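Engineer:
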Amino acid sequence: MFSLWGARMRFDTYGGILKTSLFGAFKRTATLGTVALGATALLLTGCGQAPAPAGGGSTGGTDAAANYLGCIVSDSGGFDDRSFNQSSYEGLKKTVADLGIKMKEAQSTTKADFEPNLNQMANAGCNLTFTVGFLLADATKNVATANKDLHYAIIDDSSINLPNVKPVVYDTAQAAFMAGYTAASVSKTGKVGTFGGINIPTVTIFMDGFADGVKYYNEKMGKSVQLLGWNKDTQQGVFANTFDIIQEGTKATNNLIGDGADVIMPVAGPLGTGAGDAILAANKDGKDVKLVWVDSDGVLTAPTYKSILLTSVIKTMGEAVETIVKDDMAGKFDPTPYIGTLKNGGVALAPFHDLDSSVSAETKTQLDAIKKGIIDGTITVTSKSSPK
Amino acid sequence: MSVVAAAEPSKLADRVAIRSWRTPILLGVFALVAVVLFAILGPDGQATFRISQDNDAWQVPNLVLPAKAFGIVASLILVALAVAAWLQSKNQARVAKWVTMTFAVVFVIALMVWIIGGTKTQNITLVGLFAGAMLITTPLVFGSLSGVLCERSGVVNIAIEGQLLAGAFTAALVASITQNAFAGLFAAAVAGMLVSFLLAAFSIKYVVNQIIVGVVLNVLVSGLTGFLFEKIMKTKVDGVAIYNQPVHLPDLPIPFLSQIPILGPMLFRQSIIGYFMLVLVVALWFGLFRTRWGLRIRAVGEHPKAADTVGINVNRTRFLNVMAGGAVAGIGGAYFTLVAVSSFSKDMTGGLGFIALAALIFGRWNPIGAALAALLFGVAGNLQSILSLAGTPIDGQFLAMLPYALTILAVSGFVGKSRAPAASGQPYVKG
Amino acid sequence: MSETPSIPAPTPAPTPAPTPDSKDVKDAEGTRVIREIMSGNAIISVLAVLVALVIGGILIAITDPRVTAASGYFFADPGATFSAIWASVSEAYGALWRGATYDPTARTWQGQLGIFETLTFATPLILAGLAVTLAFRAGLFNIGAQGQIIMGATFAGVVGFQMHLPPVIHLLAVILAGAIGGAIWAGIAGFLKARTGAHEVIVTIMLNYIAVSFVLYLLKNQLKAPGSTNPISPQMDANAMLPLLLGPNFRVNAGLILAILAVIAVAWLLNRSTLGFEYRAIGANPKAARTAGMIVSRGYITVMLISGALAGLAGVTQIAGTEKSLDSEIAGSIGFDAITVALLGRSKPWGTFFAALLFGAFKAGGTSMAVNADVSIDIVAVVQSLIVLFIAAPPLIRSMFRIKAVRPEGAKA
Amino acid sequence: MKLELRGITKSFGALIANDHIDLVVASGEIHSLLGENGAGKSTLMNVLYGLYEPTAGEILIDDKPVKFSGPADAMAAGIGMVHQHFMLVPVFTVAENVALGAESTTFGGVLNLEDTRRKIREISAKFGFNVDPDALVEDLPVGVQQRVEIIKALVRNAKILILDEPTAVLTPQETDELMEIMAQLKAGGTSIVFISHKLREVKAVSDTITVIRRGKVVGSADPTAATTELASMMVGRSVSLTLNKADAVPGELTFKVTNLSVMNDAGHRLLDDVTFSVAKGEILAVAGVQGNGQSELTEAVLGLHKRTLGSITLDGKELVGKSVREVLDSGVGFVPEDRQDDGLVGEFSIAENLILDLYTKAPYSRRGTLNRAVIAKNADAKVAEFDVRTQSSQSAADTLSGGNQQKVVLARELARPLKLFIASQPTRGVDVGSIEFLHKRIVAERDSGTPVIIVSTELDEVMELADRIAVLFAGKLMGIVPGKSSRELLGLMMAGLNAADAQAQLDAPVAPENGELP
């Protein structure tokens, strides 16, 4: 390319070449895109997984279902955050496939997008709209007030008290407690770590639970496993200050590993992949570090890391979404908040999958006991961020 | 005629001492801050700097400093230096460079000791600090070298951010499709060049203001990659985003060298991009200041008309340099998706392109300077994470502001004078 | 060459006329830019929008699975491909148009009137666009509207939710506080430019980042809503809110009136006032302005103060108009859009106004497009940036259309 | 080497800068190109040097047609050029500047500056240039910079050397030295094209003279031709080279400069302890080679310099420390030396430029609002009074020719009742017709009783306008002499002798070279 320029470019003829090159460039991009998409399309049809709107004809579809419109609006994390936006989104997509309803989706990039997105959903006549994240609380409240005939469900916020809004919250600390216990039990260095995306309740609730779990392990077993990256008392810790810039997760994880942590729980949505990358790299250098995933079962949503995935702290959003849609379709919409707990299965600790052997039988027994204890209230998990 | 002394004006004019008190005052204020913070309010504990990692071959003992004692000594040195600066200002009108340099170094070390002494764990790992910084430093270096190439030839490159982002996106896409990391790397360079092409075309051919083009190109690339990300990369097959699963470039540790404390993990346990960065910094420095190529580029950036009159094609030189800069930044972008992390995400460069611009200015348009500035910013960025790990009482947001505040100080002339290439930002129109 | 180039000359180069103003006088690059931005004509603008939309349409079409599917059997049935392209593009732009103006398919009559959403989105864009425009005319690139909006919203917020004042007075206090907040933030850049010659582009970019960090810090500490752990402020007092113009069904608020008043004020300032004369002279030729007795450094500072105040008002219309509470994303992308708005408006107040309306329409329509046509709103950013690129390079647009006119047969063959 | 231009035409859009120019430069001759500013001399030379492509016509070297697509081609053909504004990179060393574009390199494009340094030393020795190859160009005096330019051409083996207005920045003595160098080069077989509008120099040095007017060759002349004949050829009509002005009637000394010094940031004195005063009704001309403190003097009066010591009083009121606005308001009219940079806002209309420093005053504005009707009316009146050639007073100032632009500046500055009028380079780049007009207005201002200071590097202009002449050298005042002093005296003072010493040297029996110049 360089020599071509050198040979052909003279100042006077420059414009002509420039012009053709410019449009040539556009053309090239276009072809590239087409090629890529051709491949996409082929693969899609080959696997029989057409995108959501086309899924109307699948099993269980009725006329009522075909006219039912379920919608979802993300917060600024987007539907690919490998976290609660993604879980909710996939939950709705699964519902669409199962029930044959129609669906609309909108991603927000900033707070200012929330209300317009919700308004568009209302315009489109969405029977039920899921809004993901506490940040959407204000917007949801406004739009729900203006559209009393439509139903809303807001995930991770319980501040709205309206007859057409159902809050969906999770006491994640309960499951994170079990993860903390597990992590402490498998740590060889005696240090486990965690870091968050931004210091907000939906993040710190995990970290609080994790901290309690580690503490419980130390009390129970007379050990002194240290937790790096979070101080429950001061509510201060390591935060990447972003949910978007993945390499910040890698950075934070490297630092935790550098300080000796060998089990790490990133609570930072997409940054979890950055953490996974850092751990994979460190293990290649001879370390033995494990990862605790959050929100969804990482083995399913981030299979790249299954070799290092100890467990995941799951919020079963998909099921909640499907239940709420079903109830609504049956005319049984109920605005009382749904609180996911270990008891109702709304939160859970994922199976250990590939690393099952690294968790001792004793720990597994203990975990069952802990679960029972939390459910019956003999073990208390406290977090400032727990839903009330 | 011999009677007339052919005196030259500049030599005849007497020099009058014009005293600038800015430096002594600045140093004085900082020395005072040091006395109060480091000495009087110094923490009682010790500050531990861990130099080796536990699985390093050579174990270097930790550096342990009693925080308060060190603070007292350091602040005394700082006060002495401030006095020296004051005396120099009074007598010679100019503060010697070593005074300010030493002052800065001592202040930074004392600040570190003070901060670390004040944390909960009172220790940090230096290797973690520096090696971790490379994650940010590497793309910053590439970005700022792109800036060096462009600005040295007279084109302001605000579009570094866009070039990095285009590189990151394309590398991820192509490495996923071809399952070949090197194809991704090459494609990233091409993508960076495409952005550069637009920058060059609009600013050189159509003489559109370079800053405007740069700003707009950043928006364009962000929108385009965002759009294509949604449309292409999110396509999933069996739950796997097949167009966003780039093959990674392997780390290639160099035997022995990689075992050197701190430097080893920083510089010699890298992927090919990291080594290329090291080579490029040196090569660009040598090229710019020791070769015909560099002489011509600098001439074009300083005085394009003069270059034109000796037969150098100014606009072609600029065009080629901007293109080369695009390739460099594109490779820097590839670092994000082929080395640092395993997938592309929207706007994942997160403003690093602008910090790269800052590094370029901080580094005074010199490849080595820019690389060191990039390292400084990388370390500052990682410090935030390291310190919160150590449990510092200082809010992370203030550490996050650090690089930006430093840059403002730099461009305001508080941290040394920097002089941009004279014709930077000015289009060259013949005649 | 004997010295290492990294070591700068120990003394600043002796320049012949080193005066306090020589630094800010040095770069008169604004001059040419202002001229080139202002010298285009309306046709070029329309064509630029058209070409940008066409390129956007191409992107939409080639990434639409229906089009790719149809192109798979292009030679068997080329019509299918074309109708797929038509369907894809018309669906997207149709949704865009309806969302921005009038959407008969919407469920409620309120929802049908997208035009008011357009006005709502346009409101802060007008104010921030004016901020960029004004600074631009004085030869300064205010890339920092983003940070100024954030600081304006922060100041307005502090007054709006931490103070409790009687009606009207409270709102006026909020507006004033917002203007001051923005003015301070931009003033820093103006001051440094005037006193040290620091390039305002770099400084304002850096100040944008600092503003975000600063606000996040405040939101975690002093400004956090009581009882909440989220980095989000309490809601503004009802008294502190800009009244809704058309009742609770529409978000369009008195901020629009504020914006229109600002357009009139800036138009007067630039074209009719002595201060504007001074700013324009400084922008066009700072050295001549200085020789004519104008104080260039003071001009830089005051114009940045006013510019920042305008951006701060954009922050006010955000927090007191639509958002009600403060968070770190209060500015959205308004500050950056403002730059393109000002360029598209050719740095004229009324031009900026109409450009902001267009971008407001893109924004309102973009949401509709994302929801109803499943086209990512990112395409709007692409189209907007292309518009500005084309407008900034009229020869490109001209040559493009000449090519079409000259070689129609060639295109067929 | 013989150079021939045949029918060279160069047009920029509608403007024809060169119109069928024919020119022959014989081998080893000094061929002068004489013409007014804007006659098309520089354009022609830029065509010859490959910077512009001619619209029509051809260039022949040793009777063979050549085509230059850039300076590189011209240089390869043996043409070298010393530009009016030096084409040197200020932050480069002499060696780097000389090497640029014709670098000696070792393996892989690595610079071999030693080779360049050697060549510089060789040429320096040959012509006695005394140039340090490692000096930074920005630190060198203009005379030395010019030699660097000549070295640049010689290193490239130039056989034809174009010197574009080379004496504009030189003292008369440096000019003499340059002419010696030219003679030496000629003796070595180099052909020289010497471009100038200074008749005396052209006559002194040329073998052949070609006169250009409005882009056309109007004839050639012998160096022995009378000065007035050359002048009328150049201008196109008979010109009176002297201005008819009455003797000054100096009044009260109202403007006084006492011990004035101006420093730059590095502490160099750009103006060093200057003391003088100007009376009402007289013109004091400040002479000197460019860059010897004249700009600093006028700018200090206007209040543009921060580091100013001493005192400047007008009617007994101190001006030092006042802002520019205050100085202007106290009755100072100021015409800056570079009207495009400092005097006008190019994209503003003529009307706006005519109130550029009056816009805050009634009736042009009231309470911060401009009164457009008054501004337009004022503009029309001034355009008529000063004979500004324009279609409308609302046209942008940069559409005007240099002379008309200068009229706008003068119209503005003379619009107010003045207590002091300062004009720097009032006729630089202005056509002869306008020069006469401008000079008359300046003298009229003097005659109305205003003290006037004229700064000019053109000795002709100084001698024409001045009632008294002050000479600045290296920021120091060399003395003030009567307006009718001799050129030689002024030349010596401009070279750094004070008035007494210069007079003494002139009175001494041996004054060889000076005597040769008429």
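Sequence order for the protein chains is A, B, C and D. Sequential numbering from 1 applies to the first sequence in our numbering. Sequential numbering from 389 applies to the second sequence in our numbering. Sequential numbering from 820 applies to the third sequence in our numbering. Sequential numbering from 1233 applies to the fourth sequence in our numbering. Glycine included, C-beta positions come from ideal geometry on N, C-alpha and C. Predicted, not measured: the structure shown is a model, and the values here were computed from it.
Note the first and the last residue of the continuous beta strand (DSSP E) segment covering F1361 of chain D.
Structural biologist: For this step, residue 1361 of chain D is matched to residue 129 along the fourth sequence. Looking at the DSSP string, F1361 of chain D is not in any beta strand (DSSP E), and its letter there is neither H nor E.
Engineer: Strictly under 8 Å for the Cβ-Cβ distance: is I796 of chain B near chain A by that measure?
Structural biologist: As a first step, residue 796 of chain B must be located in the second sequence, where it is residue number 408. Chain A, which has no Cβ nearer than 8 Å to the Cβ of I796 of chain B, makes this no.
Engineer: With DSSP as the reference, please indicate the residues paired to K191 of chain A in a beta bridge.
Structural biologist: In the first sequence, counting from the first residue as 1, residue 191 of chain A sits at position 191. DSSP output for K191 of chain A lists A:Q226 as bridge partner(s).
Engineer: Are there three or more Cβ pairs, one per stretch, closer than 8 Å when the segment 1192-1212 of chain C is compared with the segment 606-622 of chain B?
Structural biologist: The segment 1192-1212 of chain C is in contact with the segment 606-622 of chain B.
Engineer: Taking just the CA atoms, how far does F765 of chain B sit from D277 of chain A?
Structural biologist: The residue you call residue 277 of chain A lines up with position 277 of the first sequence. The residue you call residue 765 of chain B lines up with position 377 of the second sequence. Roughly 23 Å separates the two Cα atoms.
Engineer: Just list the beta strand (DSSP E) runs in the segment 1486-1528 of chain D, keeping only unbroken ones of 3 residues or longer that don't cross its boundaries, in chain order.
Structural biologist: Fully enclosed beta strand (DSSP E) runs of 3 or longer: 1501-1511, 1515-1519.
Engineer: Thinking C-beta only, is I1515 of chain D closer than 8 Å to V1533 of chain D?
Structural biologist: In the fourth sequence, counting from the first residue as 1, residue 1533 of chain D sits at position 301. In the fourth sequence, counting from the first residue as 1, residue 1515 of chain D sits at position 283. Going by C-beta atoms, V1533 of chain D is not nearer than 8 Å to I1515 of chain D.
Engineer: Given a limit of 7 Å on CB to CB distance, which residues of the segment 1575-1591 of chain D reach chain C?
Structural biologist: So the list reads G1575, L1576, V1577, G1578, E1579, F1580, L1588, D1589, Y1591, given in the order they occur along the chain.
Engineer: Can you tell me the Cα-Cα spacing of K372 of chain A and G180 of chain A, whole angstroms?
Structural biologist: Within the first sequence, numbered from 1, the residue matching residue 372 of chain A stands at position 372. Within the first sequence, numbered from 1, the residue matching residue 180 of chain A stands at position 180. About 16 Å.
Engineer: Measuring CA to CA, which of C:S1147, C:Q931, C:N1072, C:L1075 is closest to N1027 of chain C?
Structural biologist: On the third sequence, residue 1027 of chain C is found 208 positions in, with the first residue counted as 1. With distances taken between Cα atoms, N1027 of chain C lies closest to C:S1147.
Engineer: Three or more beta-carbon pairs under 8 Å between the segment 963-972 of chain C and the segment 1013-1033 of chain C, yes or no?
Structural biologist: Cβ pair count under 8 Å is three or more, so yes.
Engineer: Is the CB of S1187 of chain C under 8 Å away from at least one CB in chain G?
Structural biologist: Absence of chain G from the displayed structure is noted, the protein chains being A, B, C and D.
Engineer: Would you mind telling me which residues of chain C sit closer than 9 Å to I620 of chain B, beta carbon to beta carbon, in chain order?
Structural biologist: Walking along the second sequence from the start, residue 620 of chain B turns up at place 232. In chain order: T882.
Engineer: Would you say D171 of chain A and P337 of chain A are within 8 Å of each other, going by their C-beta atoms?
Structural biologist: Position 171 of the first sequence, counting from 1, holds the residue named residue 171 of chain A. Position 337 of the first sequence, counting from 1, holds the residue named residue 337 of chain A. Not closer than 8 Å, so no.
Engineer: Report the residue ranges of all beta strand (DSSP E) runs contained in full by the segment 1374-1408 of chain D; include only those spanning at least 3 residues, in chain order.
Structural biologist: If we require 3 residues or more, the beta strand (DSSP E) runs fully inside the segment 1374-1408 of chain D come out as 1392-1396.
Engineer: Here's the rule I'm using: 16 or more other beta-carbon atoms within 10 Å means buried, otherwise exposed. How should P822 of chain B be labelled?
Structural biologist: Examination of residue 822 of chain B is not possible in this model, given that chain B is present from 389 through 819 alone.
Engineer: List, from N- to C-terminal side, the beta strand (DSSP E) runs of 3 residues or more that fit wholly inside the segment 696-748 of chain B.
Structural biologist: Fully enclosed beta strand (DSSP E) runs of 3 or longer: not present.
Engineer: For S1092 of chain C, which of helix, strand or coil comes out of DSSP?
Structural biologist: For this step, residue 1092 of chain C is matched to residue 273 along the third sequence. It is a strand residue.
Engineer: Please state whether the Cβ-Cβ distance between L162 of chain A and T182 of chain A is less than 8 Å.
Structural biologist: As a working mapping, residue 162 of chain A is identified with position 162 in the first sequence. As a working mapping, residue 182 of chain A is identified with position 182 in the first sequence. Not a contact, by the Cβ cut-off of 8 Å.
Engineer: For the candidate residues C:G997, C:G1179, C:V1022, C:F1178, whose alpha-carbon lies nearest to that of I1007 of chain C?
Structural biologist: Position 188 of the third sequence, counted from the start, is the residue given in the question as residue 1007 of chain C. Out of C:G997, C:G1179, C:V1022, C:F1178, C:V1022 has the C-alpha closest to the C-alpha of I1007 of chain C.
Engineer: Would you please verify whether the beta carbon of D171 of chain A is less than 8 Å from any beta carbon of chain C?
Structural biologist: Locating residue 171 of chain A in the first sequence gives position 171, where the first residue counts as 1. No, D171 of chain A does not count as interfacial toward chain C.
Engineer: Rounded C-beta distance between D1589 of chain D and G948 of chain C? I'm assuming under 8 Å.
Structural biologist: Here residue 1589 of chain D corresponds to residue number 357 of the fourth sequence, with the count starting at 1. Here residue 948 of chain C corresponds to residue number 129 of the third sequence, with the count starting at 1. That belief does not hold up - the Cβ atoms of D1589 of chain D and G948 of chain C are roughly 32 Å apart, past 8 Å.
Engineer: Candidates B:I685, B:L469, B:I719: which alpha carbon is nearest A492 of chain B's?
Structural biologist: The residue you call residue 492 of chain B lines up with position 104 of the second sequence. With distances taken between Cα atoms, A492 of chain B lies closest to B:L469.
Engineer: Helix, strand or coil: how does DSSP classify E1290 of chain D here?
Structural biologist: Translated into positions along the fourth sequence, residue 1290 of chain D becomes position 58. Strand, per DSSP.
Engineer: Is A560 of chain B closer than 8 Å to N450 of chain B when the C-beta atoms are compared?
Structural biologist: In the second sequence, the residue the question calls residue 450 of chain B occupies position 62. In the second sequence, the residue the question calls residue 560 of chain B occupies position 172. Contact flag unset, no.
Engineer: Select from D:I1248, D:E1268, D:T1241 the residue whose C-alpha is nearest the C-alpha of L1255 of chain D.
Structural biologist: Here residue 1255 of chain D is taken as the residue at index 23 of the fourth sequence, counted from 1. Ranking the options by Cα distance to L1255 of chain D, first place goes to D:T1241.
Engineer: Below 9 Å between beta carbons is the criterion; list the residues of the segment 1021-1033 of chain C that meet it against any residue of chain B, in chain order.
Structural biologist: Cβ contacts with chain B: I1021, V1022, I1024, M1025, L1026, N1027, Y1028, I1029, V1031, S1032, F1033.
Engineer: Could you give the uninterrupted runs of the beta strand (DSSP E) lying entirely in the segment 253-284 of chain A, keeping only those of 3 residues or more?
Structural biologist: You should have 263-267.
Engineer: From I1382 of chain D to V1314 of chain D, what does the alpha carbon distance come to, in whole angstroms?
Structural biologist: Locating residue 1382 of chain D in the fourth sequence gives position 150, where the first residue counts as 1. Locating residue 1314 of chain D in the fourth sequence gives position 82, where the first residue counts as 1. In a straight line, the C-alpha of I1382 of chain D is about 6 Å away from that of V1314 of chain D.
Engineer: To test your reading of the DSSP string, which unbroken alpha helix (DSSP H) runs of 4 or more residues are found completely within the segment 1305-1355 of chain D?
Structural biologist: With a minimum length of 4 residues, the continuous alpha helix (DSSP H) runs that stay inside the segment 1305-1355 of chain D are 1326-1331.
Engineer: Just to confirm, are A556 of chain B and V669 of chain B a CB contact at a threshold of 8 Å?
Structural biologist: To locate residue 556 of chain B, count along the second sequence from 1; it is residue 168. To locate residue 669 of chain B, count along the second sequence from 1; it is residue 281. Contact: no.
Engineer: Under a CB-based cut-off of 8 Å, is M121 of chain A close to chain C?
Structural biologist: As a position in the first sequence, residue 121 of chain A is number 121, starting the count at 1. Closer than 8 Å to some Cβ of chain C, the Cβ of M121 of chain A qualifies, so yes.
Engineer: State yes or no: is the beta carbon of D138 of chain A nearer than 8 Å to at least one beta carbon in chain C?
Structural biologist: Working through the first sequence from its first residue, we reach residue 138 of chain A at position 138. With 8 Å as the cut-off, D138 of chain A counts as an interface residue toward chain C.
Engineer: Can you tell me whether DSSP reads A39 of chain A as helix, strand or coil?
Structural biologist: Here residue 39 of chain A corresponds to residue number 39 of the first sequence, with the count starting at 1. Because A39 of chain A carries a pLDDT of 42, less than 50, the predicted location of this residue cannot be relied on, and the following value inherits that uncertainty. Correct three-state label for A39 of chain A: helix.
Engineer: Quick one: using the 10 Å Cβ neighbour count with 16 as the cut-off for buried, is G710 of chain B buried or exposed?
Structural biologist: Reading the second sequence from its first residue, position 322 is the one you call residue 710 of chain B. Note that residue 710 of chain B is Val in the sequence shown, not Gly. The residue is buried, with at least 16 neighbouring Cβ atoms inside 10 Å.
Engineer: May I have the straight-line CA-CA distance separating F243 of chain A from V1369 of chain D, to the nearest angstrom?
Structural biologist: If you number the first sequence from 1, residue 243 of chain A lands on position 243. If you number the fourth sequence from 1, residue 1369 of chain D lands on position 137. One C-alpha to the other measures close to 53 Å.
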